[in-house]
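Q:
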Amino acid sequence: MGSDARGFACLVALALMYGAMSLLVRRVLYMRHVAPSAPTRPPKPSPRPGPSTTSDASPSTSPEGRPGLEEAARYIRAQLEGIAARAGPSYRVEVDETLVSGSFSMMFLRHRVTLAYRNHKNVIIRISSNVSEDHDPSVLVNGHFDSPLGSPGAGDCGSCVASMLELARLIVDSKWIPPRPVIFLFNGAEELFLLGSHGFVKTHKWSNTIGAFIDIEASGTGGPDLVCQSGPGSWPSQVYAQSAKYPMANSVAQDMFGIIPGDTDYRIFAEDYGNIPGLDIIFVLGVISIIPLMIQLRNLYLAASKRVVRICST
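Below, the structure written as structure tokens:
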């Protein structure tokens, strides 16, 4: 009994120690040293193109089958067409909108699920140099604009959409010519068992050109971008470790995905259908706020706004 009591006390002490360390890390990394990168007052209208934002539109819910999803698709396409219109002659910028249909099976929580879908919308932009060919190997950046049922979708995954729009704008407005084509996939059906990414992989004309991908996700209200899955093989992790300015990854997260009742588009691209090397990047701070009605624009931490910097440095 004495040894059992001492062992239990040791476990309690370890739990308290790690809990205190977690609170300290949260406070130091994500709160005190985070400062806004823009004025807190709404900026005055400017004729010059500026950073993309989704906060000027009402954060209506956009799950599958709701009017907000179509509204989000129109907004994204309008932003992408504006970026394409500003691109100079050194660029080749193509904007595409597709309706995907198909069927497939997948294992989910040790049960086989068979899915059939029709007319789910994806919005895509491909940015490359003016001498690039259609078959040139490309890099895919993927995020979804549908949201969980009942959620405004600011975190999951309005933050992803805003980051991708800003990154696409930055490529064009900075006059940087990517050495390989960059494809941004705004897919409209991730929450319903990854339908949008499956439709892209199976039907889109650019899917066969993808040599690597980055999937960005959100599960919470902010925090640093954590690489929670990578593969196939070790090459994506090695490239990330060598090139990322602010690297953060944890191999435990990849092992836990098998028991979590959820998944990301990484599974479609890297495992089940694409076999494409890539990274699954997600922020998880404030996961307790995943209650849908609590995920609103005002809940997102300022740390999430630095996601574009981290993606650019990857």
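Residues in the sequence shown are numbered consecutively from 4, following the working numbering. Glycine residues also receive a C-beta, built at the ideal position from the N, C-alpha and C atoms. Remember, predicted model here, so these are calculated numbers, not experimental data.
Looking at the secondary structure, which residues open and close the beta strand (DSSP E) in which residue 123 lies?
A: Boundaries of the beta strand (DSSP E) harbouring residue 123: 114-132, taken from the DSSP string.
Q: In terms of residue numbering, what span does the beta strand (DSSP E) encompassing residue 109 cover?
A: 94-111
Q: Quick one, which of 120, 125, 242, 84 has its alpha-carbon nearest residue 188's?
A: 125
Q: Please determine if the segment 160-176 and the segment 105-120 are in contact, where contact requires at least 3 C-beta pairs separated by less than 8 Å.
A: no
Q: Is it right to say residue 269 is buried, meaning 16 or more other beta carbons lie within 10 angstroms of its own, or is it exposed?
A: buried
Q: Contact check, residue 193 vs residue 149 under 8 Å by CB: the rounded distance?
A: 6 Å
Q: From this set, 185, 205, 284, 103, which residue's C-alpha is nearest residue 250's C-alpha?
A: 284
Q: Give a yes or no on whether the C-beta atoms belonging to residue 72 and residue 191 are separated by under 8 Å.
A: yes
Q: So, using beta-carbon positions, are residue 216 and residue 265 closer together than 8 Å?
A: no
Q: Please determine, among 120, 19, 254, 220, the residue with the shortest C-alpha to C-alpha distance to residue 195.
A: Comparing Cα-Cα distances from residue 195 to each of 120, 19, 254, 220, the minimum goes to 120.
Q: Taking 7 Å as the limit between beta carbons, can you name the residues of its chain near residue 278, skipping five residues before and five after?
A: 235
Q: In this structure, how does DSSP classify residue 191 when only helix, strand and coil are distinguished?
A: coil
Q: Within the continuous beta strand (DSSP E) that includes residue 159, where are the two ends?
A: Where residue 159 is concerned, there is no enclosing beta strand (DSSP E), given that its DSSP letter is neither H nor E.
Q: Are the CB atoms of residue 81 and residue 175 within a distance shorter than 8 Å?
A: no
Q: Which residue marks the beginning of the beta strand (DSSP E) containing residue 287, and which one marks its end?
A: Where residue 287 is concerned, there is no enclosing beta strand (DSSP E), given that its DSSP letter is neither H nor E.
Q: Can you tell me the Cα-Cα spacing of residue 87 and residue 77, whole angstroms?
A: Rounded to whole angstroms, residue 87 to residue 77 spans 15 Å at the Cα level.
Q: By the DSSP assignment, the alpha helix (DSSP H) with residue 72 in it spans what residues?
A: Taken as a continuous stretch (DSSP letters only), the alpha helix (DSSP H) holding residue 72 covers 70-89.
Q: Just how far apart, CA to CA, sit residue 275 and residue 233?
A: 14 Å
Q: Does the Cβ of residue 184 have 16 or more other Cβ atoms within 10 Å, making it buried, or fewer, making it exposed?
A: buried
Q: Quick check on DSSP: helix, strand or coil for residue 253?
A: coil
Q: Would residue 133 be called buried (16 or more neighbouring beta carbons within 10 Å of its own) or exposed?
A: exposed
Q: Going along the chain, which residues of its own chain have a beta-carbon closer than 8 Å to the beta-carbon of residue 100, five neighbours each way excluded?
A: 76, 80, 124, 125, 126, 127
Q: Just verifying my parser: in three-state terms, what is the DSSP assignment at residue 225?
A: strand
Q: Hey, how far is the Cα of residue 136 from the Cα of residue 95?
A: Inter-residue distance for residue 136 and residue 95 is about 10 Å (C-alpha atoms, whole angstroms).
Q: Find the nearest neighbour of residue 165 within the set 147, 70, 140, judged by alpha-carbon distance.
A: 147
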